[in-house]
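Residue 232 in full-length UniProt numbering sits at position 232 of the sequence shown, with consecutive numbering throughout. Every residue, glycine too, gets a C-beta built ideally from N, C-alpha and C.
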Amino acid sequence: MEKEVQDLFIIGGGITGAGIALDASTRGLRTGLVEMQDFAAGTSSRSTKLVHGGLRYLKQFEVGLVAEVGKERAIVYENGPHVTTPEWMLLPLHKGGTFGKFSTSIGLRVYDFLAGVKRSERRSMLNAEETLAKEPLIKKEGLKGGGYYVEYRTDDARLTIEVMKKAIEKGAKAVNYAKVESFIYENEKVKGVNVVDQLTGKEYKIFARKIVNATGPWVDKMREADNSKKGKVLRLTKGVHIVIDQSKFPLKQAVYYDTPDGRMVFAIPRDGKTYVGTTDTFYDKDAAHPTVTTGDRTYLINTINYMFPTVKVKDCDIESSWAGVRPLIYEEGKDPSEISRKDEIWVSDSGLITIAGGKLTGYRKMAETVVDKVGKLLAEEDYRDGLNPCQTKDIPISGGNIGGSKNYPGFVAENVKQLVNEFEFTHEEAEKLTRLYGSNIDTVKEIMKESKDKANEIGLPQPILASLEYGLQYEMVTKPIDFLVRRTGAMFFNIEWVNHWKKQIVAYMAERFNWTEDEKQGYEAEVEFYIKDATEPSGEDM
1 MEKEVQDLFI IGGGITGAGI ALDASTRGLR TGLVEMQDFA AGTSSRSTKL VHGGLRYLKQ
61 FEVGLVAEVG KERAIVYENG PHVTTPEWML LPLHKGGTFG KFSTSIGLRV YDFLAGVKRS
121 ERRSMLNAEE TLAKEPLIKK EGLKGGGYYV EYRTDDARLT IEVMKKAIEK GAKAVNYAKV
181 ESFIYENEKV KGVNVVDQLT GKEYKIFARK IVNATGPWVD KMREADNSKK GKVLRLTKGV
241 HIVIDQSKFP LKQAVYYDTP DGRMVFAIPR DGKTYVGTTD TFYDKDAAHP TVTTGDRTYL
301 INTINYMFPT VKVKDCDIES SWAGVRPLIY EEGKDPSEIS RKDEIWVSDS GLITIAGGKL
361 TGYRKMAETV VDKVGKLLAE EDYRDGLNPC QTKDIPISGG NIGGSKNYPG FVAENVKQLV
421 NEFEFTHEEA EKLTRLYGSN IDTVKEIMKE SKDKANEIGL PQPILASLEY GLQYEMVTKP
481 IDFLVRRTGA MFFNIEWVNH WKKQIVAYMA ERFNWTEDEK QGYEAEVEFY IKDATEPSGE
541 DM
């Protein structure tokens, strides 16, 4: 990046930055991107993991937002069916609850219409018996029935990684653990950035015709550095999720439910666990390491025991948890859960382009809007005659070359069969690996063929070694936590697995990267810090 002027330089490697990099590179712009942590380490790995249509925005009459993100869900799904999947959601309706039966029926019908929901996924209304048949754990007292509709479940971090890999395939250059320390100006216009490699301390100067600030919770810090923080500002809110084993909370059906304080919370079964969230509180502490407090955990446990009274979940049943920070555009006098999730673009006097707000679901449209703006600004400077229209609607992300969602079940079945026969995997191991990598599973198979002896030698099961080696070669895994938290999701959904294999994983990476003993111990300590962070609450309360 340092060697040639970029057409577009993006600060921030979350889903927004990754989306912009993909859009820009497919339209022929020379594109560079840096992320100060790992890709997706901020908000983009700490969401509710739903590409959802925003049913609750109907209550706020944000009709346009519902229509846009609803249609986007289907595009995200078709372009990457391995990281996104339809999930039927049950909305129980209780006497005195947030949603009434009539208003929910109308609301879901409007939602289906606005979001362009396909016929097979349109909502249905259930009576009390049908609702309990879907999920017997729901509170029976005052139950009037339920709404049944489709949301889309995703792995937010892997979605980000797959979009980033596709952008790189299309010519973008992207680096994690590289922090923009300051801007470079020429005649009061921003022309470049000073970047510091967070691992080596080496400094780089990168120049670009246009620079986009897509740093999520750090957007205002970048605007301060540019002396352009004025007008609208961000307000950070924190969302917490907890994970409980299915043996303690045997939920069989995803549920979107009322809480005693009138908010709505999701409970979603995934990989033998049930995860529940989210909280929504204003947050003004360290955005890089938001913590889960005792109060956060208690709040969510109380909501579970309110809606699922027979479960009787206790704090000691929580296996892991995560906290994420949402960067919302501040609206005075509004409660955290009432603030709009709409995105906005600002261009400062120096020319710095900032994208703020927005949702995971709308990442592709946000990217299109940003790149359209970049194209217009470049045309005004006579750099080029404007860009081709956005191409990303029909471009499968990395791992998504399967021929769309209709071919996905057959693709999975075929690869599972091969992995079971050729590599002697269990059906479960084979399916997990295939779903994790999609069409990139062929590359993983090649790695497995080459690393069979190595797996035996170092005592790492072949699926883990192949996954780790793929991450090192193709997904810029730099630290053990990149692999344990964001490339596999194991830190949140399989903490036992992390505890079992962490030493071998660190040892293997130490050998691959020639770490000193001090470096190795430092990374081991970092893994322990993340385990503690995921399993124990911090002392402070909400």
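(message) Less than 8 Å between the C-beta atoms of SER538 and THR293, yes or no?
(response) yes
(message) Suppose you measure from the CA of VAL371 to the CA of ASP112; what does that come to, to the nearest Å?
(response) 30 Å
(message) Mapping the DSSP letters down to three states, classify ALA288 as helix, strand or coil.
(response) coil
(request) Determine, using beta-carbon pairs with one atom in the segment 254-272 and one in the segment 79-91, whether at least three such pairs fall under 8 Å. (result) yes
(message) Considering Cα atoms alone, identify which of GLY142, ALA490, GLY70 is closest to GLU319.
(response) ALA490
(request) For ASP317, I'd like the list of residues in its chain whose CB is within less than 6 Å of its CB, leaving aside the five on either flank, ordered along the chain. (result) ILE244, LYS248
(request) Return the residue from the list SER228, ASN79, SER124 that minimises the CA-CA distance to VAL347. (result) SER228
(message) On the criterion of 16 or more Cβ atoms from any shown chain inside 10 Å, does ASP385 qualify as buried, or is it exposed?
(response) exposed
(request) Determine the DSSP secondary structure at ILE447, reduced to helix, strand or coil. (result) helix
(request) Can you grab the Cα-Cα spacing for the pair LYS162 / ASN388, in whole Å? (result) The sequence shown places Glu at residue 162, rather than the Lys named in the question. Computed Cα separation, rounded: 23 Å.
(request) Determine the extent of the beta strand (DSSP E) in which ILE138 is found, giving its start and end residues. (result) Premise fails: ILE138 is in no beta strand (DSSP E) and is neither H nor E.
(message) Less than 8 Å between the C-beta atoms of VAL212 and LEU8, yes or no?
(response) yes
(request) Compute the beta-carbon to beta-carbon distance between GLY277 and VAL240, rounded to the nearest angstrom, for a pair I have assumed lies under 8 Å. (result) 6 Å
(message) Assess contact between the segment 32-39 and the segment 170-182, defined as three or more Cβ pairs (one per stretch) separated by less than 8 Å. Is contact present?
(response) yes
(message) Any contact between the segment 140-155 and the segment 72-86? By contact I mean 3 or more CB pairs, one from each, below 8 Å.
(response) yes
(request) Name the two residues that bound the continuous beta strand (DSSP E) containing ALA167. (result) Careful: ALA167 lies outside any beta strand (DSSP E), inside the alpha helix (DSSP H) at 156-169.
(message) Please report the distance separating the alpha-carbon of MET542 from that of THR303.
(response) Only weak support is given to the placement of MET542: the predicted model assigns it a pLDDT of 43, under 50, and the question is left unresolved by the model.
(message) Rounding to the nearest angstrom, what Cα-Cα distance links MET448 and GLY80 in this structure?
(response) 24 Å
(request) Could you give the DSSP three-state label for GLU130: helix, strand or coil? (result) helix
(message) Less than 7 Å between C-beta atoms, sequence neighbours within five positions excluded: which residues of the same chain meet that for VAL366?
(response) The question names Val, but residue 366 is Met in the sequence shown. If we look at MET366 and ignore the five residues flanking it on each side, its Cβ neighbours are THR16, GLY19, ASP343, ILE355, GLY358.
(message) Measuring straight from C-alpha to C-alpha, what distance separates GLU129 and GLY145?
(response) 7 Å
(request) Please classify TRP346: does DSSP put it in a helix, a strand, or coil? (result) strand
(request) Using a Cβ cut-off of 8 Å (strictly closer), state whether GLY438 contacts chain C. (result) Among the protein chains of the structure shown there is no chain C, as only one such chain exists.
(request) Count the other C-beta atoms from every protein chain shown that fall within 10 angstroms of the C-beta of HIS82, then say buried if there are 16 or more, exposed otherwise. (result) buried
(message) Restricting to Cα atoms, I'd like to know which of ALA430, ILE329, ILE505, ASN415 is closest to ALA455.
(response) ILE505
(request) Can you have a look at PRO136 and say buried or exposed, based on whether 16 or more other CB atoms are within 10 angstroms of its CB? (result) exposed
(message) Give me, in chain order, the residues of the same chain whose beta-carbon lies closer than 7 Å to that of LEU465; leave out the 5 immediate sequence neighbours on both sides.
(response) SER451, LYS454, ALA455
(message) I'd like to confirm the pairing. Which residues does DSSP put opposite ASP271 in its beta bridges?
(response) Looking at the DSSP assignment, ASP271 forms no beta bridge with any residue, so it has no partner.
(message) Output needed for ASN427: all residues of its chain with C-beta closer than 7 Å, excluding positions within five of it in sequence on either side, in chain order.
(response) The sequence shown places His at residue 427, rather than the Asn named in the question. Within the same chain, HIS427 has close Cβ partners VAL416, VAL420.
(request) Kindly indicate which three-state DSSP category THR426 falls into: helix, strand or coil? (result) coil
(request) Please name the residue in CYS390, PRO217, PHE308, SER124 whose C-alpha comes closest to that of GLY42. (result) PRO217
(request) Rank ASP258, THR369, PHE493 by C-alpha distance to the C-alpha of ASP97 and give the top, closest one. (result) For the sequence presented, residue 97 should be read as Gly rather than Asp. Taking only the C-alpha atoms, the option nearest GLY97 is ASP258.
(message) Let's see if you can read the secondary structure: which residues bound the alpha helix (DSSP H) around GLN504?
(response) 495-513
(message) In this structure, how does DSSP classify ARG297 when only helix, strand and coil are distinguished?
(response) helix
(request) State the DSSP-derived secondary structure class of LEU387, mapped to helix, strand or coil. (result) coil
(message) By alpha-carbon positions, which one of LYS165, PRO480, ALA21 ends up nearest to SER439?
(response) LYS165
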